[in-house]
Amino acid sequence: MTIIAASFYKEINMVKLKIGGREVAMVKFFAATDKAAAFEFVETRPGASVVCLDTPPTPVFGEFVRELTEVGRVVIVRDHHDVAGDPKSPRNVEIRAAADSIRAVCGANTVVSNRVANPACSSLIVAGEFAGDEFMIVADQDMDGLTAAMKALGVVYHELDTDAAILDGTLARKTREFGLSSLGELLVKGSATLPPFNDRNYEVAAQELYGSWVAATQGDSAALESLATKVAKFEEMVVKAKALAATATEVAPGCWLVDVTGQHGFHLGTLSASLEARPGCKVTIVRKDDGPIAKIGGVQYSFARHSADKDTDLKSLFPAGFKSSPEEGYIGNVPFLVHCGEKQWAEHVRVALLEKFGRRDICGYCGADNGPMDPQRGGIYRNGFDCCYCGGN
Numbered sequence: 001m002t003i004i005a006a007s008f009y010k011e012i013n014m015v016k017l018k019i020g021g022r023e024v025a026m027v028k029f030f031a032a033t034d035k036a037a038a039f040e041f042v043e044t045r046p047g048a049s050v051v052c053l054d055t056p057p058t059p060v061f062g063e064f065v066r067e068l069t070e071v072g073r074v075v076i077v078r079d080h081h082d083v084a085g086d087p088k089s090p091r092n093v094e095i096r097a098a099a100d101s102i103r104a105v106c107g108a109n110t111v112v113s114n115r116v117a118n119p120a121c122s123s124l125i126v127a128g129e130f131a132g133d134e135f136m137i138v139a140d141q142d143m144d145g146l147t148a149a150m151k152a153l154g155v156v157y158h159e160l161d162t163d164a165a166i167l168d169g170t171l172a173r174k175t176r177e178f179g180l181s182s183l184g185e186l187l188v189k190g191s192a193t194l195p196p197f198n199d200r201n202y203e204v205a206a207q208e209l210y211g212s213w214v215a216a217t218q219g220d221s222a223a224l225e226s227l228a229t230k231v232a233k234f235e236e237m238v239v240k241a242k243a244l245a246a247t248a249t250e251v252a253p254g255c256w257l258v259d260v261t262g263q264h265g266f267h268l269g270t271l272s273a274s275l276e277a278r279p280g281c282k283v284t285i286v287r288k289d290d291g292p293i294a295k296i297g298g299v300q301y302s303f304a305r306h307s308a309d310k311d312t313d314l315k316s317l318f319p320a321g322f323k324s325s326p327e328e329g330y331i332g333n334v335p336f337l338v339h340c341g342e343k344q345w346a347e348h349v350r351v352a353l354l355e356k357f358g359r360r361d362i363c364g365y366c367g368a369d370n371g372p373m374d375p376q377r378g379g380i381y382r383n384g385f386d387c388c389y390c391g392g393n
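Every letter in the sequence shown is one number past the one before it in full-length UniProt numbering, and letter 93, counting from 1, is 93.
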């Protein structure tokens, strides 16, 4: 297997591994360096059609597709990052426009669905559909991209599609309890042992894990033994995650925040599940020092709605018309999981969280509505403890 090591927003962000004897590139199309790395990969076989799997229609991916077609390359896209139905919000309108742009460039070769219709990208692919020598595959660098690439190359196992849908969902639901297979559970637990995403060693570790897991799904005993070692490390990480969850504070009614900056070696799924178990939990928030926004600004807040909630759109916490970009301090491509930076949290998102989930402070003297309650201050958000209208407290 070929390993390309990189660090996020510094060099490149790509993992290369062999699946069924065919080399696959797994890329996050966030920066120009990512696009350049993907170009270098596809140029190794200039006559092959480029199959892009589970690749969100980011601006950088749009440039990649357009530039490939301009030099005569055939590009085939199978993705599920469009919005469902008629887009209403400015952000969803932007996502639809980006998806339509990919469709326009690639034409009949493109299927860009949405997560409602196709929870997993693998459901858009027939097993072995792109296993021929005339294709080369570029996939998103996550578990859904991995399973899509496997299916495209005909390397499958019985529960692959079911697992893929769960693996692309919320962390708290990536368990056997919610239908994940024993093989899928090995990938989840193994992934928990990877270095932070922006760590220089992340791609090396991810390549080794993904390669071992693909082999394990095909019955390779040595690969299963390697994964068992990672599972033992995972169990240690679960203990640390539960201890961190105990330090969480309620920053708005039902919204629990835990600060894990400087903390490593814990299981994020266990942390999320522990926070969700708190009575009345609606949103979990993790303040951390890794991730694409943290790579630029030092700190990232990651928000996840409760796994049982199918309606709340966390993107509504962000300003109208926000641009989803690490440089802008906001990432919001799906309604159940969003991220922001420290400055954005302080200046906008914390207030929006209180407005959306806070209880109203109604004055007992004059009946005036003083705004949302702030659990961290013991009183109202805007004016300390006194009524804004009559001065009563």
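The beta carbon of each residue, even a glycine, is placed where N, CA and C say it ideally should be.
It should be emphasised that the depicted structure is a prediction, and the values quoted were computed from it without experimental measurement.
If we call anything under 8 Å between Cβ atoms a contact, is residue i one with residue j?
i: residue 45; j: residue 150; result: no
i: residue 216; j: residue 257; result: no
i: residue 221; j: residue 242; result: no
i: residue 53; j: residue 132; result: no
i: residue 13; j: residue 35; result: no
i: residue 269; j: residue 171; result: yes
i: residue 75; j: residue 65; result: yes
i: residue 297; j: residue 329; result: yes
i: residue 48; j: residue 134; result: yes
i: residue 77; j: residue 111; result: yes
i: residue 57; j: residue 81; result: yes
i: residue 122; j: residue 84; result: no
i: residue 472; j: residue 61; result: Because residue 472 is not part of the residues shown, which for the chain are 1 to 393, the question remains open.
i: residue 188; j: residue 194; result: no
i: residue 294; j: residue 271; result: no
i: residue 156; j: residue 19; result: no
i: residue 22; j: residue 153; result: yes
i: residue 319; j: residue 339; result: no
i: residue 17; j: residue 219; result: no
i: residue 115; j: residue 324; result: no
i: residue 307; j: residue 276; result: yes
i: residue 190; j: residue 167; result: no
With burial defined as no fewer than 16 other Cβ atoms inside 10 Å of the residue's Cβ, what is the status of residue i: buried or exposed?
i: residue 305; result: buried
i: residue 343; result: exposed
i: residue 117; result: exposed
i: residue 291; result: buried
i: residue 8; result: Note that residue 8 has pLDDT 34, beneath the 50 cutoff, so the model's placement of it is unreliable and the number below is only indicative. With 16 or more other Cβ atoms within 10 Å, it is buried.
i: residue 203; result: buried
i: residue 350; result: buried
i: residue 390; result: exposed
i: residue 420; result: Because the chain in this structure spans residues 1 to 393, residue 420 falls outside the shown range and cannot be described.
i: residue 71; result: exposed
i: residue 41; result: buried
i: residue 139; result: buried
i: residue 1; result: Note that residue 1 scores 28 on pLDDT, short of 50, meaning its location in the model is unreliable; the coordinates nonetheless yield the value given after this. By the neighbour-count rule (16 or more Cβ atoms within 10 Å), residue 1 is not buried but exposed.
i: residue 169; result: buried
i: residue 358; result: buried
i: residue 158; result: exposed
i: residue 86; result: exposed
i: residue 107; result: exposed
i: residue 178; result: exposed
i: residue 31; result: buried
i: residue 303; result: buried
i: residue 104; result: exposed
Hey, out of the options, whose CA is closest to residue i's CA?
i: residue 95; options: 178, 113, 108; result: 113
i: residue 252; options: 121, 280, 71, 39; result: 280
i: residue 239; options: 192, 208, 278, 284; result: 192
i: residue 316; options: 341, 194, 332; result: 332
i: residue 120; options: 189, 104, 142; result: 142
i: residue 37; options: 15, 92, 295, 155; result: 15
i: residue 174; options: 267, 140, 212, 124; result: 267
i: residue 310; options: 283, 87, 246; result: 283
i: residue 233; options: 245, 208, 209, 265; result: 265
i: residue 354; options: 248, 88, 314; result: 314
i: residue 255; options: 87, 210, 301; result: 301
i: residue 205; options: 230, 32, 225; result: 230
i: residue 208; options: 196, 197, 223; result: 223
i: residue 299; options: 337, 326, 341; result: 341
i: residue 24; options: 92, 99, 104, 148; result: 148
i: residue 248; options: 237, 278, 235; result: 278
i: residue 161; options: 124, 99, 93, 236; result: 124
Next on the checklist: So within the stretch 277 to 326, which uninterrupted alpha helix (DSSP H) runs reach at least 4 residues, ignoring any that extend past its ends?
Outcome noted: 292 to 297
Next on the checklist: Under 8 Å, with one C-beta from each stretch per pair, do the stretch 277 to 297 and the stretch 252 to 269 reach the 3-pair mark?
Outcome noted: yes
Item to check | Complete runs of the beta strand (DSSP E) confined to the stretch 329 to 364 [at least 3 residues] | outcome: 330 to 334, 337 to 341, 360 to 362
Item to check | Contiguous alpha helix (DSSP H) assignments of at least 4 residues, all confined to the stretch 158 to 185 | outcome: 160 to 167
Next on the checklist: If we require 3 or more residues per run, which beta strand (DSSP E) segments fall completely within the stretch 31 to 66?
Outcome noted: 49 to 53
Next on the checklist: Which complete alpha helix (DSSP H) runs does the stretch 192 to 252 hold, if anything under 4 residues is left out?
Outcome noted: 202 to 217, 221 to 245
Item to check | Whole beta strand (DSSP E) elements within the stretch 79 to 121, 3-residue minimum | outcome: 110 to 114
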